[in-house]
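A.B. asks: Quick one: structure below, then a few questions.
Residue numbers (our numbering): 1 to 310.
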């Protein structure tokens with residue numbers, strides 16, 4: 001059988017040195033991103049500080065949402081800029097959440113020149129974002145001497161924007177207009193390429209069980225072609241992340257992977273199988289999300305795939 005290597009943080013840093021990696025995906029992908037960024041930063045996997053409900057404060061969100069975003073940003077300190085806000089309401093699939101929700105994370109490790117970026121996609125909802133400071137929310141009134149446009153959104157500028165936002169800044173997010181917005185295909189065509197990634201990992205999986213609009217061959221064709229035309233055909237290594245299993249639902253997590261499969265096979269993408277390892281996992285915090293160690297183990301698998309012997 002196959003024996004996996006247990007990568008140390010130093011080994012992972014050496015492997016990813018000088019690389020720009022972009023994750024585009026659902027909230028499961030978000031927690032995997034946070035787990036990996038924390039490992040690269042601190043040298044150990046996330047510590048799973050326990051809340052009264054038994055949930056990890058870093059790898060499993062707690063309410064209210066703005067407080068969790070602030071807590072995660074405090075953990076990363078000056079290694080990350082988090083363009084993040086989520087309204088604190090009970091109707092998480094409601095219109096207010098849809099209009100205001102934003103979560104784009106930009107992590108940078110100076111010592112090894114590693115740029116790790118996340119664009120969180122919520123099904124068919126429009127994705128939103130801001131240009132990094134000083135252009136943040138300043139589409140029509142840029143700072144003196146500063147040109148603010150889509151060219152402001154790049155690796156160098158988000159690295160400069162790193163730092164811990166205050167709670168007041170998180171609370172002010174709803175009053176700041178978005179600088180860019182578009183669907184997932186638009187983001188893959190117009191936002192992600194500006195970071196000139198070496199590697200892009202894509203998935204919109206769990207939304208296939210919630211939102212019918214993303215569960216169609218036409219949707220998969222539109223998104224996968226946007227990635228192929230603007231990234232993968234231009235030298236970016238593209239990986240499809242197979243969808244993790246939901247709780248109490250053995251078998252396939254849904255048709256999302258089947259619709260995407262014809263395209264990633266056609267284009268010759270690599271596949272990261274997050275599905276098989278989670279098929280018999282019982283460590284869930286809700287229907288879709290896992291306890292912290294599961295994300296850590298998924299990342300060890302990913303690092304083995306990226307950095308192990310070929």
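For glycine and all other residues, C-beta sits at the position ideal for the given N, C-alpha and C.
These numbers were taken from a predicted model, which means no experiment stands behind them.
So does the segment 271-284 actually touch the segment 222-237, counting three or more Cβ pairs closer than 8 Å?
C.D. replies: Because the criterion of three Cβ pairs below 8 Å is not met, the segment 271-284 and the segment 222-237 do not touch.
A.B. asks: On the DSSP letters alone, give me the boundaries of the alpha helix (DSSP H) that residue 270 sits inside.
C.D. replies: Your numbering for residue 270 matches position 270 in the chain shown. Per DSSP, residue 270 belongs to no alpha helix (DSSP H); it is in the beta strand (DSSP E), 270-272.
A.B. asks: On the three-pair Cβ rule with 8 Å, is the segment 211-218 touching the segment 187-195?
C.D. replies: With the cut-off at 8 Å, the segment 211-218 and the segment 187-195 do not touch.
A.B. asks: Secondary structure at residue 84, three-state DSSP: helix, strand or coil?
C.D. replies: Walking along the chain shown from the start, residue 84 turns up at place 84. It is a strand residue.
A.B. asks: Taking the alpha-carbon positions, what's the residue 60 to residue 111 distance?
C.D. replies: Residue mapping note: residue 60 aligns to position 60 of the chain shown, counting from 1. Residue mapping note: residue 111 aligns to position 111 of the chain shown, counting from 1. So the alpha carbons of these two residues sit roughly 28 Å apart.
A.B. asks: Report the residue ranges of all alpha helix (DSSP H) runs contained in full by the segment 163-249; include only those spanning at least 4 residues, in chain order.
C.D. replies: Taking only runs of at least 4 residues, the alpha helix (DSSP H) segments lying wholly in the segment 163-249 are 167-172, 184-190, 217-230.
A.B. asks: In the DSSP assignment, find the unbroken alpha helix (DSSP H) run with residue 75 in it and report its ends.
C.D. replies: Indexing the chain shown from 1 puts residue 75 at position 75. Element bounds for residue 75: 65-76.
A.B. asks: Would you give the residue range spanned by the alpha helix (DSSP H) that residue 297 belongs to?
C.D. replies: The residue you call residue 297 lines up with position 297 of the chain shown. Here the alpha helix (DSSP H) through residue 297 covers 292-307.
A.B. asks: Any chance you could list the alpha helix (DSSP H) runs of at least 4 consecutive residues sitting entirely within the segment 115-159, in chain order?
C.D. replies: Segments of the alpha helix (DSSP H) lying fully in the segment 115-159: there are none.
A.B. asks: Can you confirm whether the segment 30-47 touches the segment 124-144 when touching is taken to mean that 3 or more C-beta pairs between the two stretches lie within less than 8 Å?
C.D. replies: The segment 124-144, when compared against the segment 30-47, does not touch it at the 8 Å Cβ threshold.
A.B. asks: Among all the DSSP beta bridges, which residues are the ones paired with residue 105?
C.D. replies: Sequence index remark: in the chain shown, residue 105 carries index 105 (1-based). For residue 105, which the question treats as bridged, DSSP gives the partners 82, 118.
A.B. asks: In the DSSP assignment, what are the bridge partners of residue 25?
C.D. replies: Here residue 25 refers to the residue found at position 25 when the chain shown is read from its first residue. DSSP output for residue 25 lists 120 as bridge partner(s).
A.B. asks: If contact is defined by three or more beta carbon pairs under 8 Å, each pair taking one atom from either stretch, is the segment 203-213 in contact with the segment 26-40?
C.D. replies: These segments touch.
A.B. asks: Residue 97 lies in the alpha helix (DSSP H); which residues open and close that run?
C.D. replies: As a first step, residue 97 must be located in the chain shown, where it is residue number 97. Its alpha helix (DSSP H) spans residues 95-100.
A.B. asks: Alpha carbon to alpha carbon, how far is residue 101 from residue 263? Give it in angstroms, no decimals.
C.D. replies: Numbered from 1 along the chain shown, position 263 holds the residue referred to as residue 263. Numbered from 1 along the chain shown, position 101 holds the residue referred to as residue 101. Residue 263 and residue 101: Cα-Cα distance of roughly 29 Å.
A.B. asks: Give the straight-line distance between the Cα atoms of residue 282 and residue 148, rounded to the nearest whole angstrom.
C.D. replies: Residue mapping note: residue 282 aligns to position 282 of the chain shown, counting from 1. Residue mapping note: residue 148 aligns to position 148 of the chain shown, counting from 1. If you take the alpha carbons of residue 282 and residue 148, they lie about 47 Å apart.
A.B. asks: Is it buried or exposed, residue 57, if we count other Cβ atoms within 10 angstroms and call 16 or more buried?
C.D. replies: In the chain shown, residue 57 corresponds to position 57, counting from 1. Under this definition residue 57 is a buried residue.
A.B. asks: Going by the DSSP bridge assignment, what does residue 20 pair with across the sheet?
C.D. replies: For this step, residue 20 is matched to residue 20 along the chain shown. DSSP output for residue 20 lists 115 as bridge partner(s).
A.B. asks: Kindly examine the ligand SAM and report whether one of its heavy atoms sits closer than 7 Å to the Cβ of residue 122.
C.D. replies: This structure lacks the ligand SAM, and indeed carries no ligand of any kind.
A.B. asks: Using DSSP bridges, identify the partner residues of residue 284.
C.D. replies: Counting from one through the chain shown, the residue named residue 284 turns up at place 284. In the DSSP output, where bridge partners are listed per residue, residue 284 has 290.
A.B. asks: Hey, would you say residue 123 sits closer than 8 Å to residue 213, going by beta carbons?
C.D. replies: Within the chain shown, numbered from 1, the residue matching residue 123 stands at position 123. Within the chain shown, numbered from 1, the residue matching residue 213 stands at position 213. Yes.
A.B. asks: Helix or strand or just coil, what does DSSP make of residue 256?
C.D. replies: As a first step, residue 256 is located in the chain shown; it is residue number 256 there, counting from the start. Helix, per DSSP.
A.B. asks: Taking residue 305 and residue 272 to be in contact with their CB atoms under 8 Å, please state how far apart those CB atoms are, rounded to whole angstroms.
C.D. replies: Translated into positions along the chain shown, residue 305 becomes position 305. Translated into positions along the chain shown, residue 272 becomes position 272. 6 Å between Cβ atoms; contact.
A.B. asks: Whole angstroms are fine: how far does the CA of residue 14 sit from the CA of residue 121?
C.D. replies: Against the chain shown, residue 121 aligns to sequence position 121. Against the chain shown, residue 14 aligns to sequence position 14. Using only the alpha carbons, I get a separation of about 29 Å.
A.B. asks: In three-state DSSP terms, what is residue 59?
C.D. replies: Counted from its first residue, the chain shown places residue 59 at position 59. If DSSP states are grouped into helix, strand and coil, residue 59 belongs with coil.
A.B. asks: DSSP three-state label for residue 46, please.
C.D. replies: Locating residue 46 in the chain shown gives position 46, counting from the first residue. Residue 46: coil per DSSP, three-state reduction.
A.B. asks: So, at 7 Å on beta carbons, what are the nonlocal neighbours of residue 221 in its own chain, with the 5 sequence-adjacent residues on each side left out?
C.D. replies: Residue numbering aside, residue 221 sits at position 221 when the chain shown is read from its first letter. Excluding sequence neighbours, residue 221 sits near 263.
A.B. asks: Buried or exposed: residue 53, going by 16 or more other Cβ atoms within 10 Å of its Cβ?
C.D. replies: The residue labelled residue 53 in the question sits at position 53 within the chain shown. Any reading at residue 53 must be qualified, since the residue scores a pLDDT of 49, below 50, and its modelled position is unreliable; the value itself is stated next. Looking at its Cβ environment, which holds fewer than 16 other Cβ atoms inside 10 Å, residue 53 is exposed.
A.B. asks: Using the three-state DSSP reduction, which class does residue 382 fall into: helix, strand or coil?
C.D. replies: In the structure as shown, the chain starts at 1 and stops at 310, and residue 382 therefore has no counterpart that could be examined.
A.B. asks: Using a Cβ-Cβ cut-off of 6 Å (strictly less than) and excluding sequence neighbours within five positions of residue 18, which residues of its own chain qualify?
C.D. replies: Looking up residue 18 in the chain shown gives position 18. Excluding sequence neighbours, residue 18 sits near 113.
A.B. asks: For my contact list, residue 117 and residue 22 are in at a C-beta cut-off of 8 Å; report their separation, rounded to the angstrom.
C.D. replies: For the purposes of this step, residue 117 is taken as residue 117 along the chain shown, with counting starting at 1. For the purposes of this step, residue 22 is taken as residue 22 along the chain shown, with counting starting at 1. About 5 Å separates the two Cβ atoms, so the contact holds.
A.B. asks: Helix, strand or coil for residue 3, going by three-state DSSP, please let me know.
C.D. replies: In the chain shown, residue 3 corresponds to position 3, counting from 1. In this structure, residue 3 counts as coil in the three-state DSSP scheme.
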